[in-house]
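In case it helps, our numbering puts the sequence shown at residues 1 to 100. Glycine is no exception: its CB is placed at the ideal position from the N, C-alpha and C atoms. Treat the numbers as computed from the prediction; the structure is a model and nothing was measured. Encoded as structure tokens, the structure appears first; notes follow it.
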Amino acid sequence: PKFKLCIDVEAKGALPGLMPPFPLPEFIMQSQEFKLAFRSIYLQAQDKAKAAFKTQYRLSTEGVDWVLMLGPYWTPTVLGPFSDAELTGHTGSCSEPSGD
Numbered sequence: 001p002k003f004k005l006c007i008d009v010e011a012k013g014a015l016p017g018l019m020p021p022f023p024l025p026e027f028i029m030q031s032q033e034f035k036l037a038f039r040s041i042y043l044q045a046q047d048k049a050k051a052a053f054k055t056q057y058r059l060s061t062e063g064v065d066w067v068l069m070l071g072p073y074w075t076p077t078v079l080g081p082f083s084d085a086e087l088t089g090h091t092g093s094c095s096e097p098s099g100d
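The following block contains the structure:
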């Protein structure tokens, strides 16, 4: 069967003071700056997934697997499925633009 593979990669700069040398996961999980950065990339990923759902490429009725990466740290997540109301709006961001 035919299928389309959609890939999107967006690189973000390292967070000063948090990346080298790499802190232990216990420290990272307590960092408010790290949590906000992950939240920001989650919202960006959600917007990209919504855009894909809105176009002719309906990815899945169960959502789409996604990997969020920040420096050497990553976490898998599932985005969607989205209701019609969710597809009409832009998620926005919880932080200021990165300028990347």
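What number of angstroms, rounded off, separates the C-alpha of P21 from the C-alpha of I28? For the purposes of this step, residue 21 is taken as residue 21 along the sequence shown, with counting starting at 1. For the purposes of this step, residue 28 is taken as residue 28 along the sequence shown, with counting starting at 1. Distance between the alpha carbons of P21 and I28 is about 12 Å.
Alpha-carbon to alpha-carbon, P25 and P72: One-based indexing of the sequence shown puts residue 72 at position 72. One-based indexing of the sequence shown puts residue 25 at position 25. The straight-line gap from Cα to Cα measures roughly 11 Å.
Please classify L87 as buried or exposed, where buried requires at least 16 neighbouring CB atoms within 10 angstroms. One-based indexing of the sequence shown puts residue 87 at position 87. Under this definition L87 is an exposed residue.
A49 classed as buried or exposed, judged by whether at least 16 other C-beta atoms fall within 10 angstroms: Here residue 49 is taken as the residue at index 49 of the sequence shown, counted from 1. Classification of A49: buried, given that the 10 Å Cβ count is 16 or more.
With DSSP as the reference, please indicate the residues paired to T75 in a beta bridge. Against the sequence shown, residue 75 aligns to sequence position 75. Answer by DSSP bridge pairing, in chain order: L68.
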